[in-house]
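Novice: Here it is, the structure in full.
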Amino acid sequence: MSPPVKDPRVITCKAAVAWGPGEALIMEEVEVDPPRPDEIRIKVICTSLCRSDITLWESKVHTPLFPRIFGHEASGIVESIGEGVTEFEEGDHVLTLFSGECMKCRHCISGKSNICETLGMERSGVMHSDKKTRFSIKGKPIYHYCAVSSFSEYTVVHSGCAVKISSAAPMEKVCLLSCGAAAGLGAAWKVADISKGSTVVIFGLGTVGLCVAQGAKLRGASQIIGVDTNPAKCEKGKAFGITEFINPNDCSEPVQQVIKRLTNGGADYSFECVGDTGVISTALQSCCDGWGLTVTLGVPKAKPEVSAHYGLFLSGRTLKGSLFGGWKPKSELPSLVDMYIRKEIQIDELVTHDMPFKDINKAFDLMREGKCLRCVIHVN
Ligand SMILES: NC(=O)c1ccc[n+]([C@@H]2O[C@H](COP(=O)([O-])OP(=O)(O)OC[C@H]3O[C@@H](n4cnc5c(N)ncnc54)[C@H](O)[C@@H]3O)[C@@H](O)[C@H]2O)c1
Ligand SMILES: [Zn+2]
Ligand SMILES: [Zn+2]
């Protein structure tokens with residue numbers, strides 16, 4: 001019997017494949033299928049490493065799915081389009097979206113939500129439409145991550161999981177807006193809606209927390225306290241607008257007590273940007289009675305349950321979660337890219353390292369050791 005005829009549109013390219021939890025990625029030759037209806041295939045230009053990639057790769061509390069291609073904070077160029085795609089053309093510059101927008105479901109048409117029912121965050125390692133993968137190695141399927149998988153020279157995404165951006169935007173910077181930077185800005189502006197003169201405390205000064213800080217500063221917050229266990233974050237925090245820095249390890253009393261004193265009874269807003277549910281409880285205790293609002297953004301590395309004394313809520317605090325800063329990704333992300341082009345928001349200072357694709361494991365090491373903010377990996 002003759003072997004099955006291979007679709008000539010299948011691409012063979014390099015991808016960094018994770019074969020097991022916490023195992024170094026291996027550069028492999030993978031086959032990437034052509035885009036199916038309503039999908040596009042993208043040539044990835046730059047991808048930055050976000051903490052969520054590390055958390056899911058380590059898979060301590062999340063279902064392990066391997067072999068898998070991680071990466072979800074990326075910029076690229078449309079290489080080919082599937083049947084029925086009208087909003088993209090080959091050559092368009094795009095950002096990938098780890099949580100898409102179908103524009104039709106109950107959530108997409110409501111003004112209240114960015115959690116699309118059809119193209120929301122995909123957790124099973126497959127494509128939304130047919131629950132299959134578009135990557136394989138010698139016929140063996142390779143799982144996706146958030147239906148993006150940007151640690152590959154080419155990837156296939158649903159057309160609702162990418163957004164066209166200005167071709168004037170530098171790909172090696174705006175990729176950060178595809179997840180972490182936008183998540184932090186949106187938490188400050190859309191989710192908390194910080195008002196002028198308010199007091200803010202931010203737990204965790206990575207890219208996400210620093211973007212909450214710049215968002216708070218741009219809204220005119222009077223006091224922005226940054227809390228981080230890494231003392232190296234003090235200086236960077238000040239460059240993004242924090243007015244005070246606290247290292248909880250240097251405190252002789254619980255950090256929430258220090259914050260209550262500094263803010264005369266608790267902050268108006270607190271943000272958890274660590275990925276630690278214990279820190280969510282501390283953040284709740286750090287905001288004030290009556291109207292204190294805690295916004296949690298982190299993806300926990302361990303213990304997924306949050307615990308808090310009910311009295312914190314009886315006395316008027318609110319705990320709010322948020323994905324991608326509450327932005328409707330297709331409708332609202334291009335305006336953030338334009339703000340960056342007009343120099344109204346800071347992104348460049350978040351890029352601490354640039355590296356070629358072959359060195360991707362170095363980016364994982366730097367992030368695990370707390371030695372970087374964003375490493376931008378130049379894929380193509
Ligand atoms: N909700 C979303 O849409 C969204 C988007 C992007 C990232 N995330 C999540 O947000 C979190 C932050 O992401 P990031 O990329 O900025 O990560 P990061 O690792 O760069 O930053 C985390 C910071 O927290 C600090 N930290 C660790 N333990 C701490 C503690 N106990 N108290 C205070 N600070 C502590 C670290 O030193 C580091 O500076 C992660 O959990 C990530 O998965 C969520
Ligand atoms: Zn992310
Ligand atoms: Zn939708």
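What the sequence shown shows, in UniProt numbering, is residues 1 to 380, in sequence order.
The beta-carbon is built from N, C-alpha and C at its ideal position, and this holds for glycine as well.
Bear in mind the structure is a predicted one, so any value in this text is a computation, not a measurement.
From the DSSP output, in three-state form, read off R9 for me.
Specialist: Taking the sequence shown and counting its residues from 1, one reaches residue 9 at position 9. Coil.
Novice: Using 8 Å as the threshold, is the stretch 184–195 in touch with the stretch 157–164, meaning 3 or more CB pairs across them?
Specialist: No contact exists between the stretch 184–195 and the stretch 157–164.
Novice: Determine the contact status of H72 and C175, defining contact as a CB-CB distance below 7 Å.
Specialist: Taking the first residue of the sequence shown as position 1, residue 72 is located at position 72. Taking the first residue of the sequence shown as position 1, residue 175 is located at position 175. Not a contact, by the Cβ cut-off of 7 Å.
Novice: Taking the DSSP output, what are the residues bridged to P329?
Specialist: Here the question's residue 329 lines up with position 329 in the sequence shown. Partner(s): none; P329 has no beta bridge.
Novice: Return the CA-CA distance between A168 and L336, expressed in angstroms with no decimal places.
Specialist: If you number the sequence shown from 1, residue 168 lands on position 168. If you number the sequence shown from 1, residue 336 lands on position 336. For A168 and L336, the distance between alpha carbons rounds to 13 Å.
Novice: In whole angstroms, what is the alpha-carbon distance linking T199 and G206?
Specialist: In the sequence shown, the residue the question calls residue 199 occupies position 199. In the sequence shown, the residue the question calls residue 206 occupies position 206. Between T199 and G206, the C-alpha separation is close to 20 Å.
Novice: Considering only heavy atoms of ligand 3, does any lie closer than 6 Å to the CB of T118?
Specialist: Taking the first residue of the sequence shown as position 1, residue 118 is located at position 118. Checking every heavy atom of ligand 3 against the Cβ of T118, one is found closer than 6 Å.
Novice: Which residue or residues does DSSP assign as beta-bridge partners of S80?
Specialist: Working through the sequence shown from its first residue, we reach residue 80 at position 80. In DSSP, S80 forms a bridge with R41.
Novice: Say whether the stretch 309–326 touches the stretch 146–155, bearing in mind that this needs 3 or more beta-carbon pairs closer than 8 Å, one atom from each stretch.
Specialist: Because the criterion of three Cβ pairs below 8 Å is not met, the stretch 309–326 and the stretch 146–155 do not touch.
Novice: If you draw a straight line from the alpha carbon of K217 to that of D338, how long is it in whole angstroms?
Specialist: The residue you call residue 217 lines up with position 217 of the sequence shown. The residue you call residue 338 lines up with position 338 of the sequence shown. Their backbone Cα atoms lie some 19 Å apart in a straight line.
Novice: Suppose the cutoff is 6 Å on Cβ atoms and the five residues either side in sequence are ignored; what does the same chain contact list for S48 look like?
Specialist: Numbered from 1 along the sequence shown, position 48 holds the residue referred to as residue 48. If we look at S48 and ignore the five residues flanking it on each side, its Cβ neighbours are E73, C175, L176, R374 and V376.
Novice: Spell out whether any CB of chain B is found under 7 Å from the CB atom of L218.
Specialist: Reference to chain B is not applicable here, since this structure consists of a single protein chain.
Novice: Taking DSSP as the reference, what is the three-state secondary structure of T155?
Specialist: The residue you call residue 155 lines up with position 155 of the sequence shown. Correct three-state label for T155: strand.
Novice: For the stretch 11–25 against the stretch 111–127, are there 3 or more C-beta pairs whose distance is under 8 Å?
Specialist: In short, these stretches do not touch, since the Cβ pair count stays below three.
Novice: Beta-carbon separation of T155 and I45 under 7 Å?
Specialist: As a first step, residue 155 must be located in the sequence shown, where it is residue number 155. As a first step, residue 45 must be located in the sequence shown, where it is residue number 45. No, the Cβ-Cβ distance between T155 and I45 is not below 7 Å.
Novice: Strictly by DSSP, which residues pair up with A18?
Specialist: As a first step, residue 18 must be located in the sequence shown, where it is residue number 18. DSSP, once it has assigned bridges, lists R68 as partnering A18.
Novice: Among the residues of its own chain, which have a CB less than 6 Å from the CB of I11, if the five just before and after it don't count?
Specialist: Reading the sequence shown from its first residue, position 11 is the one you call residue 11. Hits under 6 Å: V32 and Y154.
Novice: Is the beta carbon of D348 closer than 7 Å to that of K173?
Specialist: Position 173 of the sequence shown, counting from 1, holds the residue named residue 173. Position 348 of the sequence shown, counting from 1, holds the residue named residue 348. Cβ atoms of K173 and D348: closer than 7 Å.
Novice: Does the Cβ-Cβ distance between T86 and C102 come in under 7 Å?
Specialist: Working through the sequence shown from its first residue, we reach residue 86 at position 86. Working through the sequence shown from its first residue, we reach residue 102 at position 102. No.
Novice: What number of angstroms, rounded off, separates the C-alpha of G241 from the C-alpha of I224?
Specialist: Translated into the one-based positions of the sequence shown, residue 241 becomes position 241. Translated into the one-based positions of the sequence shown, residue 224 becomes position 224. Going from the Cα of G241 to the Cα of I224 covers about 7 Å.
Novice: Taking L262 as the reference, give the member of M127, E122, S222 and I77 with the closest Cα.
Specialist: Position 262 of the sequence shown, counted from the first residue, corresponds to residue 262. Taking only the C-alpha atoms, the option nearest L262 is S222.
Novice: Going straight from the alpha carbon of V299 to that of V5, what length do you get?
Specialist: Translated into the one-based positions of the sequence shown, residue 299 becomes position 299. Translated into the one-based positions of the sequence shown, residue 5 becomes position 5. Distance between the alpha carbons of V299 and V5 is about 43 Å.
Novice: Going along the chain, which residues of its own chain have a beta-carbon closer than 8 Å to the beta-carbon of S152, five neighbours each way excluded?
Specialist: Reading the sequence shown from its first residue, position 152 is the one you call residue 152. Same-chain partners within the cutoff: C13, K14, A15, A16, V30, V32, V44, I69, G71, F135 and V379.
Novice: Quick check on this structure: which residue in H353, V295 and G22 has the alpha carbon closest to the alpha carbon of V208?
Specialist: In the sequence shown, the residue the question calls residue 208 occupies position 208. Among H353, V295 and G22, the Cα nearest to that of V208 is on V295.
Novice: Work out the CA separation of G22 and P67 for me, nearest whole Å.
Specialist: Walking along the sequence shown from the start, residue 67 turns up at place 67. Walking along the sequence shown from the start, residue 22 turns up at place 22. Roughly 12 Å separates the two Cα atoms.
Novice: May I have a chain-ordered list of the alpha helix (DSSP H) segments no shorter than 4 residues that lie completely inside the stretch 233–279?
Specialist: For the stretch 233–279, whole alpha helix (DSSP H) runs of length 4 or above, ordered along the chain, are 233–239 and 255–262.
Novice: Sort P141, M27 and I341 by Cα distance to P356 and report the nearest one.
Specialist: For the purposes of this step, residue 356 is identified with residue 356 of the sequence shown, where counting begins at 1. If we check each option's Cα against that of P356, M27 comes out closest.
Novice: For ligand 4, any of its heavy atoms closer than 6 Å to the Cβ of K328?
Specialist: Among the ligands present in this structure, namely ligand 1, ligand 2 and ligand 3, ligand 4 is not found.
Novice: Just to confirm the assignment: which complete alpha helix (DSSP H) runs, minimum length 4, are found wholly within the stretch 105–161?
Specialist: Fully enclosed alpha helix (DSSP H) runs of 4 or longer: 106–109.
Novice: Tell me E73's beta-bridge partners as DSSP assigns them.
Specialist: Here residue 73 corresponds to residue number 73 of the sequence shown, with the count starting at 1. Paired residue(s): S48.
Novice: If I follow the unbroken beta strand (DSSP E) through D354, where does it start and stop?
Specialist: For this step, residue 354 is matched to residue 354 along the sequence shown. Where D354 is concerned, the enclosing beta strand (DSSP E) stretches over V351 to P356.
Novice: If G266 and D228 are in contact, beta carbons under 8 Å, what's the gap, nearest whole angstrom?
Specialist: Along the sequence shown, one-based indexing puts residue 266 at 266. Along the sequence shown, one-based indexing puts residue 228 at 228. About 20 Å; that fails the 8 Å criterion.
Novice: Comparing alpha-carbon positions, which option in S281, D359, L312 and S166 lies nearest R342?
Specialist: On the sequence shown, residue 342 is found 342 positions in, with the first residue counted as 1. With distances taken between Cα atoms, R342 lies closest to S166.
Novice: On a CA-only basis, which of L95, S281, G292 and C287 is nearest K330? Give me that one, please.
Specialist: For the purposes of this step, residue 330 is identified with residue 330 of the sequence shown, where counting begins at 1. The option with the nearest alpha carbon to K330 is L95.
Novice: In whole angstroms, what is the alpha-carbon distance linking R36 and M121?
Specialist: The residue labelled residue 36 in the question sits at position 36 within the sequence shown. The residue labelled residue 121 in the question sits at position 121 within the sequence shown. When rounded, the distance between both Cα atoms is 19 Å.
Novice: Out of H93, H62, G197 and G184, state which residue places its alpha-carbon closest to the alpha-carbon of S124.
Specialist: For the purposes of this step, residue 124 is taken as the residue at position 124 of the sequence shown. Of the candidates H93, H62, G197 and G184, the one whose C-alpha sits nearest the C-alpha of S124 is H62.
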